[in-house]
Each structure stands twice: as C-alpha cells, then as structure tokens.
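Note sheet for the following structure.
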Amino acid sequence: MPTLSITPNERVTFRVHHEDADLLVVEKPARVVSSPGIGHEHDTLLNGLFAKYAGRLQNLGASRDFGMLHRLDRETSGLLAVALSADAYDAMRAAFKAREVRKFYWALTGKAPGDETGVIRRPIIEVVRRKDRFTSRKLARVSVAGKPALTAYRVLEASELGALLEARTVTGRLHQVRVHLKLIGAPILGDEDYAPKAVAGAAPRLALHAHRLAFDHPITGEPIDVRTKWPVDLKTTLRRLGLSRPDLPGSGADASGEGGDEVGGDPVGGEDPGVGEHPPTA
Numbered sequence: 117m118p119t120l121s122i123t124p125n126e127r128v129t130f131r132v133h134h135e136d137a138d139l140l141v142v143e144k145p146a147r148v149v150s151s152p153g154i155g156h157e158h159d160t161l162l163n164g165l166f167a168k169y170a171g172r173l174q175n176l177g178a179s180r181d182f183g184m185l186h187r188l189d190r191e192t193s194g195l196l197a198v199a200l201s202a203d204a205y206d207a208m209r210a211a212f213k214a215r216e217v218r219k220f221y222w223a224l225t226g227k228a229p230g231d232e233t234g235v236i237r238r239p240i241i242e243v244v245r246r247k248d249r250f251t252s253r254k255l256a257r258v259s260v261a262g263k264p265a266l267t268a269y270r271v272l273e274a275s276e277l278g279a280l281l282e283a284r285t286v287t288g289r290l291h292q293v294r295v296h297l298k299l300i301g302a303p304i305l306g307d308e309d310y311a312p313k314a315v316a317g318a319a320p321r322l323a324l325h326a327h328r329l330a331f332d333h334p335i336t337g338e339p340i341d342v343r344t345k346w347p348v349d350l351k352t353t354l355r356r357l358g359l360s361r362p363d364l365p366g367s368g369a370d371a372s373g374e375g376g377d378e379v380g381g382d383p384v385g386g387e388d389p390g391v392g393e394h395p396p397t398a
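Okay, structure coming up:
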C-alpha cells in the first residue's frame with residue numbers, strides 16, 4: 117500500500133449518515149478536531165476517516181484537502197460532508213461558494229435575543245491571541261475590517277434559565293455562530309472563548325450542534341437532506357433549562373415536517389450576491 121499522508125486512527129469514531137461512491141455525510145463528536153494540525157496530528161476526524169476510506173481520500177490529495185469540504189470547531193458536534201471522488205469534491209466546493217449548501221445548527225444560549233427571528237449581517241475578522249512566547253490561537257470578532265458574514269436565526273423555545281435557538285450560516289467564517297449570537301446578547305452555553313464566565317460554565321462543552329445539512333448531490337443531482345438527533349451529552353443541560361428536545365415530534369421545533377427546521381421566512385437565501393465565499397470553517 118502506498119505511503120499515506122494522514123495516519124489512520126480507528127479509535128476516532130464517527131457516525132455515517134449518508135454514503136455513496138462519491139460522498140459521505142458524517143457526524144463528528146464534540147471535542148474532536150476536524151483535520152490534523154499542530155498538536156493534533158493523529159487524533160482528528162480525518163485520521164478516523166482514513167482508517168476506513170484511506171484509498172479514496174489519499175487519491176484526492178492535499179490539493180483537495182483529502183476530501184474535507186468544510187470543518188467544525190473542536191467543541192462543536194454535528195454533520196460534515198466529505199467527498200470521496202474528485203468530481204464530487206470540485207462540484208461541492210462550487211456549491212459551497214454559490215451558497216447552495218444549507219447548514220443548520222442548534223445552540224443553547226444564556227438567554228433569548230430580543231427578536232425571536234432575525235438575520236445578523238456583521239463582518240468577522242480573525243485575530244491571533246498569544247498564550248505565551250511559543251503558542252497562539254485564532255479567534256474572531258466583529259469588525260468593519262473583516263469579511264462579510266451572514267447568520268439567520270430563530271428562537272425555538274425559551275425559559276427563565278436559557279434558550280434554544282436554530283441558526284443557519286450562509287457564510288463560513290471562523291466561529292461565526294458563536295460570535296454572531298454573542299453580538300445579539302445570546303452567548304452560547306459552554307463557550308469559554310466568547311461567553312461570560314457564568315454562561316461558559318453552564319454546560320459540559322460548547323452547546324452547539326450542526327444538526328442538519330441539505331444540498332443537491334454533486335453527481336446525481338438528487339436532493340440530500342440529512343438530520344441528526346439531539347446530542348446525548350447535552351440532554352441533561354437541555355432538561356435543566358426546562359426546554360424540550362427539538363428533534364422529537366410534538367416539540368416546539370418539530371423536525372418531522374419539512375418546515376420544522378427552516379429559519380422562519382428564511383430571508384437570507386437570495387440576498388447579497390457574492391457574499392458567500394469558499395467556507396474554510398463553520
């Protein structure tokens with residue numbers, strides 16, 4: 117077998133929601149990095165994918181990111197699309213650039229924003245925060261010097277203790293959902309980078325889950341609409357807030373019907389042509 121660029125690691129687990137000859141849709145667990153980098157050369161989702169799909173991913177090569185079409189923050193759980201063929205990769209990249217891939221997130225926040233639905237159009241810039249002389253990390257903030265960023269949201273349910281929101285990202289900026297929701301007064305529980313300490317400590321991890329991914333198949337054109345259940349590790353937090361699971365029939369955000377997960381009115385989809393750029397991270 118030829119030398120692999122990415123070390124396979126079968127201990128990195130993931131759930132496959134869709135698989136065909138050209139494409140995967142997988143669910144990444146929380147606390148797993150999407151792709152290898154400094155300090156995470158062998159324990160990422162891509163290492164786990166190489167344990168099962170090494171031949172096809174290696175053939176795509178570094179120029180096609182070994183099939184990785186987008187990424188999620190380490191603490192964020194949820195759905196990612198992965199290409200298994202060059203044609204699928206190229207077509208999906210074009211679809212992301214054209215904003216034809218719909219990405220939906222559930223977020224538990226410290227409180228509900230002032231408006232039950234809305235669209236946040238504020239540019240985001242990446243900044244480098246140094247921990248010490250040798251290490252640093254990238255964070256994000258709203259800035260007129262940043263790149264355009266659009267997030268639509270709706271409040272699914274709220275209580276005196278917190279709120280459950282659904283967000284749809286149109287662009288794919290670093291930490292976009294986290295930064296935008298904080299901006300409107302709804303920081304995400306467990307967010308140690310952007311939320312106040314009390315909110316950051318109110319969940320076992322970042323309470324953000326990419327629950328739905330919808331697009332047309334890059335080869336066949338067939339509609340693909342993949343949805344997940346509420347994350348197991350956030351069930352206790354949801355109950356503590358007095359909120360219901362959005363994935364169950366009869367809930368305030370019933371996902372059983374086509375409209376159940378759509379941002380109300382979805383005012384973002386046809387606006388600001390040219391804003392959506394190649395999304396490196398979600």
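Sequence positions in the sequence shown follow this note's numbering and run 117 to 398.
Heads up, the beta-carbon is just placed ideally off N, CA and C, and yes, glycines get one too.
As the structure is a computational prediction, the values presented were derived from the model and not from experiment.
Which of helix, strand or coil DSSP assigns to residue i
i, result
"threonine 287", "coil"
"asparagine 125", "coil"
"leucine 364", "coil"
"threonine 267", "strand"
"alanine 279", "strand"
"phenylalanine 130", "coil"
"serine 372", "With a pLDDT of only 38 at serine 372, under 50, the local geometry of the prediction cannot be trusted, and no value is derived from it."
"histidine 325", "strand"
"glycine 164", "helix"
"histidine 73", "Shown here, the chain extends from 117 to 398; a query on residue 73 therefore has no answer."
"tyrosine 310", "coil"
"leucine 173", "helix"
"aspartate 136", "coil"
"lysine 219", "strand"
"isoleucine 341", "Position check: residue 341 holds aspartate in this sequence, whereas isoleucine was assumed. If DSSP states are grouped into helix, strand and coil, aspartate 341 belongs with the strands."
"lysine 254", "strand"
Distance, residue j Cα to residue i Cα
i, j, result
"aspartate 341", "glutamate 216", "13 angstroms"
"serine 179", "leucine 173", "11 angstroms"
"valine 271", "glutamate 282", "6 angstroms"
"isoleucine 122", "arginine 284", "31 angstroms"
"isoleucine 154", "arginine 127", "19 angstroms"
"proline 383", "asparagine 125", "With a pLDDT of only 39 at proline 383, under 50, the local geometry of the prediction cannot be trusted, and no value is derived from it."
"proline 362", "aspartate 181", "33 angstroms"
"serine 399", "glycine 171", "The question about residue 399 has no answer, for the chain in this structure spans 117 to 398."
"alanine 311", "phenylalanine 166", "35 angstroms"
"threonine 344", "histidine 291", "21 angstroms"
"alanine 207", "leucine 162", "20 angstroms"
"arginine 131", "glycine 164", "11 angstroms"
"serine 372", "histidine 133", "Caution is warranted here: a pLDDT of 38 is assigned to serine 372, below 50, making its placement in the model unreliable, and no coordinate value can be reported."
"histidine 327", "glutamate 135", "17 angstroms"
"isoleucine 300", "tyrosine 269", "11 angstroms"
"serine 150", "proline 334", "22 angstroms"
"alanine 110", "valine 315", "No answer is possible for residue 110: the residues shown for the chain start at 117 and end at 398."
Selected residue, minimal CA-CA separation from residue i, among the options
i, options, result
"threonine 119", "Gly177, Arg245 and Ala137", "Gly177"
"arginine 321", "Leu224, Glu135, His156 and Arg237", "Leu224"
"lysine 144", "Met184, Pro239, Gly153 and Pro362", "Met184"
"arginine 237", "Phe220, His186, Gly226 and Lys263", "Lys263"
"glycine 317", "His327, Gly171, Gly226 and Gly288", "Gly226"
"aspartate 159", "Arg147, Lys168 and Leu350", "Arg147"
"isoleucine 240", "Ala261, His333 and His156", "Ala261"
"asparagine 175", "Asp332, His333, Ala326 and Asp138", "Asp138"
"alanine 302", "Val142, Leu140 and Ala228", "Ala228"
"aspartate 349", "Thr287, Phe331, Gly306 and Pro152", "Gly306"
"tyrosine 169", "Val142, His186 and Glu157", "Val142"
"threonine 267", "Asp332, Trp222 and Ala319", "Trp222"
Residue i burial status per 10 Å Cβ neighbour count (16 or more: buried)
i, result
"threonine 336", "exposed"
"leucine 324", "buried"
"leucine 75", "Summary: the structure shown does not reach residue 75, with the chain confined to residues 117 through 398, and so no result is reported for it."
"proline 339", "exposed"
"proline 115", "Absent from the model: residue 115. The displayed extent of the chain is 117 to 398, so no value can be given."
"lysine 313", "exposed"
"aspartate 366", "Correcting the residue type first, residue 366 is glycine in the shown sequence and not aspartate. Exposed, since its Cβ has fewer than 16 Cβ neighbours within 10 Å."
"threonine 352", "exposed"
"glutamate 308", "exposed"
"alanine 214", "exposed"
Heavy atom of the ligand ZN within 7 angstroms of residue i beta-carbon
i, result
"glycine 358", "Within the structure as shown, the ligand ZN is missing, as the structure has no ligands at all."
**Item:** Inter-stretch contact (C-beta, 8 angstroms, three-pair minimum) for the stretch 255-263 and the stretch 294-305
**Value:** yes
**Request:** State whether the stretch 266-285 contacts the stretch 182-195, with contact taken as three or more CB pairs (one from each stretch) at a distance under 8 angstroms.
**Result:** no
**Message:** Quick test of the definition: if touching needs 3 or more C-beta pairs under 8 angstroms, does the stretch 200-213 touch the stretch 226-236?
**Reply:** no
**Request:** Spell out a yes or no on whether the stretch 340-360 and the stretch 238-247 are touching, meaning 3 or more CB-CB pairs, one atom from each, closer than 8 angstroms.
**Result:** no
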